[in-house]
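Remarks on the structure that follows.
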Amino acid sequence: MKVERYIKELLGIVSEVQNIKYSKTNLEKHLIKRNHIDALKYFDKIEEIINNPDYVGMNPNEKSESIEYVKIFEDNVLVALKIHGSKDFYYIPSMYTITDYKLQSRLFSGRMKKVDNKNNKP
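For reference, each letter of the sequence shown is one residue, going 17 to 138 in our numbering.
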């Protein structure tokens, strides 16, 4: 998996880092520990969320580059990416569901942007 160029352009990201890595075992443990049980049912959809998001955004509360992907299923599912300390790949530290209100608030504030998947596919 990788962060596509059109996503970076939409968010104004200039770094050359693209590749995404994650440990399924560690991420699953994290979701259980953080009580993100509702997100577990979408665990096997991570690649779909990354490859075909409905919304993307940047987390302004993180010091390093942090991208948020949201896909609408029965729930609004957010997959968070952070740039690794080595600065040569992204990793997935968490995923969880967000409410419609939270999604709309992030769109209104500009933190999230709608992705036009029809016109942006590589």
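Quick reminder that beta carbons are idealized off the backbone N, C-alpha and C, glycines included.
For clarity, every value in this text was computed on a predicted model and none was experimentally measured.
Segments assigned alpha helix (DSSP H), at least 4 residues, entirely inside the stretch 31-74: Fully enclosed alpha helix (DSSP H) runs of 4 or longer: 40-49, 53-56 and 62-67.
Nearest-angstrom Cα separation, counted from serine 82 out to valine 95: For the pair valine 95 and serine 82, the Cα-to-Cα distance works out to about 11 angstroms.
Residues in its own chain within less than 6 angstroms of leucine 26 by CB, not counting five upstream and five downstream? Hits under 6 angstroms: Lys129.
Taking glutamate 84 and glycine 73 to be in contact with their CB atoms under 8 angstroms, please state how far apart those CB atoms are, rounded to whole angstroms. Contact between glutamate 84 and glycine 73 holds: CB atoms are separated by about 5 angstroms, below the 8 angstroms threshold.
When you compare each of Val131, Met111, Leu123 and Arg122 to histidine 52 by their alpha carbons, which one comes out closest? Closest option to histidine 52, judged by alpha-carbon separation, among Val131, Met111, Leu123 and Arg122: Met111.
With burial defined as no fewer than 16 other Cβ atoms inside 10 Å of the residue's Cβ, what is the status of proline 76: buried or exposed? Flag for proline 76 reads exposed.
Beta-carbon proximity check, isoleucine 29 vs leucine 97, cutoff 8 angstroms: No, these two residues do not count as a Cβ contact at 8 angstroms.
Boundaries of the alpha helix (DSSP H) in which lysine 24 is found, first to last residue: It spans 21-27 - the alpha helix (DSSP H) in which lysine 24 sits, taken as one unbroken run.
Taking the straight line between their C-alpha atoms, what separation do you get for glutamate 32 and isoleucine 99? About 11 angstroms.
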